[in-house]
Amino acid sequence: MINKLKFYKKKFTPWYRNDYKKFLSLNFHNNDFEIKDNFPCIKDKFLPNGEITSGHYFLQDIYMAREIYKAHPVKHVDIGSRIDGFIAHLAVFREVEVFDIRSLNISDKNIIFTQADLTKVDEKFMEYTDSISCLHTLEHFGLGRYGDPVDPLGYSKAAMELSRVLAEDGILVFSTPIGKERLCFDAHRVFNPNTVINKMFPMLQLISFSYIDDKGQGIIENGDINDASRLNYGCGLFLFKKL
3 MINKLKFYKK
13 KFTPWYRNDY
23 KKFLSLNFHN
33 NDFEIKDNFP
43 CIKDKFLPNG
53 EITSGHYFLQ
63 DIYMAREIYK
73 AHPVKHVDIG
83 SRIDGFIAHL
93 AVFREVEVFD
103 IRSLNISDKN
113 IIFTQADLTK
123 VDEKFMEYTD
133 SISCLHTLEH
143 FGLGRYGDPV
153 DPLGYSKAAM
163 ELSRVLAEDG
173 ILVFSTPIGK
183 ERLCFDAHRV
193 FNPNTVINKM
203 FPMLQLISFS
213 YIDDKGQGII
223 ENGDINDASR
233 LNYGCGLFLF
243 KKL
């Protein structure tokens, strides 16, 4: 078995060894906790506290949760968005029905789960809800990454089903990677924003478009679609309505 302490002493920086020695000396007469193992967290000393307050997921989850809060829909359905971010935000103040092809074991009273393939939704869910969210999800459909069937048109079929599940006058909050259009198999697609608006959701009316640029440091509200289409890997934040 590896002597972890010797390993860490050799590998890690002097400040770690100094802090460890200092702690041992100060803890000599205080044995509330016996040190059983070493678990160096070398990077944490130098990371700013706000490092995670950037990037697509952190920014979009808060922004879109606010949109749902303002809209105050009767029913809200989510398709495949991040559970420990966006869905957790919504569950604080309202009930949300989550649809995902993957299983989900959760006991929160405000999160209702249905396992389903969005490319072929049961007819009973047609015009089912006045509010839908689908954040950073549709770009994966049809690539098999999450156990879904491999289908080059999976994203298009799912987009059509989203429109059908949404009731008249309902809203769709949607996000996806945007920029120079391409497929990065089997990770994701990157869409030109015009593809999202004109080809994926032709039955819906665009209400607003904002985006996160390549730097990922903030949201550009009411953004220019042409500027956004020249990004490399941004995140488009779309709000649609079904008329």
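Position one of the sequence shown corresponds to residue 3 (the working numbering), numbered consecutively onward. Think of the CB as a built atom: it goes at the ideal place given N, C-alpha and C, for glycine as much as any other residue.
- Under the three-state reduction of DSSP output, residue 223 falls in the coil class, being neither helix nor strand.
- Ranked by how close their Cα comes to the Cα of residue 41, the residues 22, 73 and 85 have 22 in first place.
- Here residue 170 is exposed, its C-beta having fewer than 16 other C-beta atoms within 10 Å.
- A distance of 8 Å or more separates the beta carbons of residue 67 and residue 26.
- Of all C-beta pairs linking the region 161 to 168 to the region 128 to 144, three or more are shorter than 8 Å, placing the two stretches in contact.
- DSSP lists 80 and 175 as the beta-bridge partner residues of residue 135.
- DSSP places residue 58 outside any beta strand (DSSP E); the residue lies instead in the alpha helix (DSSP H), whose first and last residues are 58 to 73.
- Taking 4 residues as the shortest admissible run, the region 151 to 215 contains the following complete alpha helix (DSSP H) segments, listed from N- to C-terminal end: 156 to 167.
- The C-alpha of residue 216 lies about 16 Å from the C-alpha of residue 184.
- Distance from the CA atom of residue 63 to the CA atom of residue 88, rounded to whole angstroms, is 5 Å.
- Here residue 163 is buried, its C-beta having at least 16 other C-beta atoms within 10 Å.
- Around the CB of residue 70, 16 or more other CB atoms lie within 10 Å, so the residue is classed as buried.
- Here DSSP, grouped into helix, strand and coil, assigns residue 239 to strand.
- When C-alpha distances from residue 110 are compared across 85, 231 and 34, the shortest belongs to 85.
- Residue 186 and residue 154 have their C-alpha atoms roughly 12 Å apart.
- Bridge pairing for residue 115: 100 [DSSP].
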